[in-house]
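Residue numbers for the sequence shown, in the numbering used here: 64 to 300.
Here's the structure we're looking at; comments come further down.
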Amino acid sequence: MEPQWFKVYQAVKKAILVGELQPGRQVPPEFDLSEEYGVSRNTVRRAYLALSQEGLIRSVNGRGSFVMQTGLTYEVDATSRFRDVLDRQGVRSTVQLLDSEYTKADEEIAGILKVESGHPLLRVTDLILGDEVPFILTVRHIRADLIEDLERKMKEANSLTLVARHEGLGQLRRVSTTVEAGLPTDREASLLQSPANAPVLVVHSKGGIDNGLLLECQRAVMNSQRIRLSFQSEPAR
Numbered sequence: 064m065e066p067q068w069f070k071v072y073q074a075v076k077k078a079i080l081v082g083e084l085q086p087g088r089q090v091p092p093e094f095d096l097s098e099e100y101g102v103s104r105n106t107v108r109r110a111y112l113a114l115s116q117e118g119l120i121r122s123v124n125g126r127g128s129f130v131m132q133t134g135l136t137y138e139v140d141a142t143s144r145f146r147d148v149l150d151r152q153g154v155r156s157t158v159q160l161l162d163s164e165y166t167k168a169d170e171e172i173a174g175i176l177k178v179e180s181g182h183p184l185l186r187v188t189d190l191i192l193g194d195e196v197p198f199i200l201t202v203r204h205i206r207a208d209l210i211e212d213l214e215r216k217m218k219e220a221n222s223l224t225l226v227a228r229h230e231g232l233g234q235l236r237r238v239s240t241t242v243e244a245g246l247p248t249d250r251e252a253s254l255l256q257s258p259a260n261a262p263v264l265v266v267h268s269k270g271g272i273d274n275g276l277l278l279e280c281q282r283a284v285m286n287s288q289r290i291r292l293s294f295q296s297e298p299a300r
């Protein structure tokens, strides 16, 4: 016989997959489902735990559990930004700044950006959210010698693309992108509200400006249960 929690789990999962419960909507409270299925609240809690581990719902202390946004396709090209993808699909995007500090390039970062070791950089760690749901955790290393007062300008604009444009550096373009899969660290899983045993996408990219210099390199950890990547090639000439 199937355990009681599994029946509740299947019913709620089906409602999510067929669209009866839309992303962002609160799932029924534990008390309501316990009454409907004649089971204990602990049984419902076990079903919700399984749904959370699959990335289908998330629990917010004091507010309840909500259906997660899943399956967004991020079409990656030279100038695309994930926040624009969210906005086009009617999802309100925000960026939460977790950390920002001036630092110096170690040998690895210096090699990526083609600068000398010890070159001045700004390291910025951001969490990109859509409708308050975390999608991407990014760590960016940006050349600090090309933009005066870079940290302040980044905090004000919340966009390196806009800062580069306003500073007369032209269009920031993605020069290269490498994608790999892996398991998140405890911190990454916590920030992305992702199960610790669920693979994430780790995207390494470099961004250049109009004069050919590399302006930044980035490591982005993406919740693979919420994002699909689609790479766009330049049309043949």
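Positions of the beta carbon are idealized from the N, C-alpha and C atoms, including for glycine.
Quick one: grab the DSSP three-state call for residue i.
i, result
"Arg126", "coil"
"Gly174", "helix"
"Glu179", "coil"
"Glu138", "strand"
"Pro265", "First, the residue type needs correcting, since residue 265 is Val and not Pro in the sequence shown. Looking at Val265 - three-state DSSP - the assignment turns out to be strand."
"Asp249", "helix"
"Arg155", "coil"
"Gln17", "Look at the range of the chain in this structure, 64 to 300, and you will see that residue 17 is not part of it."
"Gln281", "strand"
Among the residues of its own chain, which have a CB less than 7 Å from the CB of residue i, if the five just before and after it don't count?
i, result
"Ala173", "Glu179, Ser180 and His182"
"Ile79", "Leu119 and Val130"
"Gly309", "Because residue 309 is not part of the residues shown, which for the chain are 64 to 300, the question remains open."
"Leu235", "Leu223, Thr224, Ala227, Gly270, Ile272 and Leu278"
"Lys177", "Leu277"
"Ala299", "Only weak support exists for where Ala299 lies, its pLDDT of 45 falling under 50; the coordinates are left without a value."
"Gln116", "Pro258"
Return the chain-ordered list of same chain residues with a C-beta closer than 6 Å to the C-beta of residue i, the five sequence neighbours on each side being excluded.
i, result
"Ser163", "Val187 and Glu214"
"Lys76", "none"
"Val265", "Glu243, Gly245 and Val284"
"Arg203", "Val187, Glu279 and Gln281"
"Glu138", "Ser293 and Gln295"
"Gly233", "Ile272 and Asp273"
Determine, using beta carbons only, whether residue i and residue j come nearer to each other than 7 Å.
i, j, result
"Ile199", "Ile191", "yes"
"Asp140", "Gln295", "yes"
"Val102", "Gln67", "yes"
"Val154", "Asp208", "no"
"Arg237", "Ser268", "yes"
Excluding sequence positions up to five away, which residues of its chain have a Cβ less than 8 Å from the Cβ of residue i?
i, result
"Gly307", "Past the boundaries of the shown model lies residue 307; the chain is included only from 64 to 300, so the question cannot be answered."
### Message
With a threshold of 8 Å, are at least 3 pairs of Cβ atoms found where one atom belongs to the region 109 to 116 and the other to the region 64 to 71?
### Response
yes
### Task
Would you list, in sequence order, the uninterrupted alpha helix (DSSP H) runs of no fewer than 4 residues that lie entirely inside the region 195 to 219?
none
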